[in-house]
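Engineer: Position one of the sequence shown corresponds to residue 17 (the numbering used here), numbered consecutively onward.
Glycine included, C-beta positions come from ideal geometry on N, C-alpha and C.
Got a structure here, written out as structure tokens. Questions coming.
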Amino acid sequence: MFHPRRSCSALHHRKYQSLTVHNLCSITPLTALCHPHHPLFLKFLARYPRNWYLVFYIRMDRGGYFCMYPNLGGPFQSIHEADDAIERYLDELRHKAMCKDQVKLSVVDRMILNCKFYLDGTPKRGPNSPTKDEKIYMVQAVLHQYNEDNNLFGNHAHELEALVGKQWICENHRWYFHFNFTIKEKEGNDKSSTSNLFFAEVSHMQGEKDWEVNCCCMIKRDENGHCYGCRNNGSPGMKHPNNTGAYTGGHLDGYLPFGCVDDNSDDEYDEERLRAMFEGMDDPNFRDRIRRLAPKCSAKRIVGEPTA
């Protein structure tokens with residue numbers, strides 16, 4: 017019988033459980049979280065700051081400290097400290113991108129600017145938009161947890177070499193990510209190392225943002241476990257353990273419920289479209305006209321004024 021959390025092997029996989037960690041952190045003292053089998057160890061927190069393209073992952077180590085991916089310092093003694101580090105980092109990026117001329121822009125021009133660029137000035141679309149490689153930080157967190165679970169420290173710890181493949185899957189209202197990545201494994205006290213292939217699966221229910229690690233294991237390059245999710249959604253070359261019970265997603269013959277978005281649309285066309293959408297909003301009489309046209313509607317909500 018298929019078991020959704022069956023191990024790849026006794027050494028290469030740990031059973032992970034689900035928990036609403038935000039509520040847990042608010043009522044449980046840090047000293048109670050330090051046991052390595054506490055459920056908070058079994059789930060990675062994810063932070064998706066609004067109007068940013070960056071994603072931050074937070075993992076609790078066996079000492080009860082919180083590690084950040086990408087590295088923003090730490091380890092941190094609390095999730096609050098980790099969140100403060102994220103805020104300081106984003107503030108620094110925002111201040112570096114601030115332009116004195118922005119205060120001279122019209123309301124419409126500022127709205128267009130906010131639609132086209134992130135808060136640090138990075139384009140949201142087009143060839144100069146940020147590459148979607150934040151999942152490498154999730155893989156780093158998974159690998160560090162794997163090292164801890166298997167007591168691999170110092171020269172014995174595996175180091176991430178490259179993320180060679182990833183695919184996301186949706187089944188039964190649950191999101192999955194399958195990863196293939198290579199690690200550098202040092203050979204004794206020698207400076208030489210070998211490259212080995214790993215498979216990992218993480219998941220969360222739709223509507224959640226924090227990730228469970230279902231499987232992380234070393235596999236041989238000729239292993240070829242079947243996965244509908246990777247095959248049907250454009251990643252037929254992904255490698256999976258021969259033991260298909262080791263991973264949960266990919267066993268249903270389905271497809272992702274949405275298509276791809278074109279990130280390379282014409283920049284001038286986008287600006288024309290946005291300018292037409294926001295036309296007239298910089299007119300001082302715009303709010304009065306809205307109130308006259310829709311007296312029963314909240315003009316504040318229509319034009320984005322702050323509510324009382």
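Would you call the segment 219-227 and the segment 236-255 in contact, with 3 or more CB pairs under 8 Å?
Structural biologist: Short answer: they don't touch.
Engineer: In the DSSP assignment, what are the bridge partners of S327?
Structural biologist: Nothing in the structure corresponds to residue 327, since the chain is present only between 17 and 324.
Engineer: Who does G181 pair with in a DSSP beta bridge?
Structural biologist: Within the sequence shown, residue 181 is the residue found at index 165, counting from 1. For G181, which the question treats as bridged, DSSP gives the partners N196.
Engineer: Determine the DSSP secondary structure at N39, reduced to helix, strand or coil.
Structural biologist: As a working note, residue 39 is residue 23 in the sequence shown. In this prediction, N39 scores a pLDDT of 31, lower than 50, which makes its location untrustworthy; no coordinate-derived value is stated.
Engineer: 8 Å is my cut-off, CB to CB: does H174 come that close to chain B?
Structural biologist: Checking the listed chains, one finds no chain B in this structure; it contains a single protein chain.
Engineer: Tell me which same chain residues have a C-beta within less than 6 Å of the C-beta of L179, skipping the five on either side of it?
Structural biologist: Within the sequence shown, residue 179 is the residue found at index 163, counting from 1. Only I152, V155 and F197 meet the Cβ criterion.
Engineer: Return helix, strand or coil for T264, following the three-state DSSP convention.
Structural biologist: As a position in the sequence shown, residue 264 is number 248, starting the count at 1. In this structure, T264 counts as coil in the three-state DSSP scheme.
Engineer: Classify F92 as buried or exposed, calling it buried when 16 or more other Cβ atoms lie within 10 Å of its own Cβ.
Structural biologist: Counted from its first residue, the sequence shown places residue 92 at position 76. It is buried - the Cβ of F92 has at least 16 other Cβ atoms within 10 Å.
Engineer: Distance check for E239 and H96, CA to CA, integer angstroms please.
Structural biologist: Position 80 of the sequence shown, counted from the start, is the residue given in the question as residue 96. Position 223 of the sequence shown, counted from the start, is the residue given in the question as residue 239. Between H96 and E239, the C-alpha separation is close to 42 Å.
Engineer: Identify the continuous alpha helix (DSSP H) that holds R247 and give its terminal residues.
Structural biologist: Working through the sequence shown from its first residue, we reach residue 247 at position 231. Counting along the chain, the alpha helix (DSSP H) containing R247 begins and ends at Y244 to N248.
Engineer: What residue from A262, S211, Y192 and G253 has the CA that sits closest to E228's CA?
Structural biologist: As a working note, residue 228 is residue 212 in the sequence shown. Minimum Cα distance to E228 is reached at Y192.
Engineer: With which residues is K59 paired in a DSSP beta bridge?
Structural biologist: For the purposes of this step, residue 59 is taken as the residue at position 43 of the sequence shown. According to DSSP, K59 bridges with E228.
Engineer: Out of G170, F82 and L272, which has the shortest C-alpha to C-alpha gap to R247?
Structural biologist: Along the sequence shown, one-based indexing puts residue 247 at 231. When only C-alpha atoms are compared, the closest one is L272.
Engineer: If you reduce the DSSP assignment to three classes, tell me which class R104 lands in.
Structural biologist: The residue labelled residue 104 in the question sits at position 88 within the sequence shown. Helix.
Engineer: Can you tell me the Cα-Cα spacing of L159 and R110, whole angstroms?
Structural biologist: Indexing the sequence shown from 1 puts residue 159 at position 143. Indexing the sequence shown from 1 puts residue 110 at position 94. Roughly 31 Å between the two C-alpha positions.
Engineer: Between R66 and F72, is the Cβ-Cβ spacing less than 8 Å?
Structural biologist: For the purposes of this step, residue 66 is taken as residue 50 along the sequence shown, with counting starting at 1. For the purposes of this step, residue 72 is taken as residue 56 along the sequence shown, with counting starting at 1. Result no, Cβ atoms of R66 and F72 do not sit closer than 8 Å.
Engineer: Kindly identify the DSSP beta-bridge partner or partners of I74.
Structural biologist: Your numbering for residue 74 matches position 58 in the sequence shown. BP columns for I74 point to L61 and M84.
Engineer: Please name the residue or residues paired with S211 in a DSSP beta bridge.
Structural biologist: As a first step, residue 211 is located in the sequence shown; it is residue number 195 there, counting from the start. Paired residue(s): K200.
Engineer: By Cβ distance, which residues of its chain are closer than 7 Å to L106, with the 5 residues on each side in sequence left out?
Structural biologist: Position 90 of the sequence shown, counted from the first residue, corresponds to residue 106. So the qualifying residues of the chain are P65 and W68.
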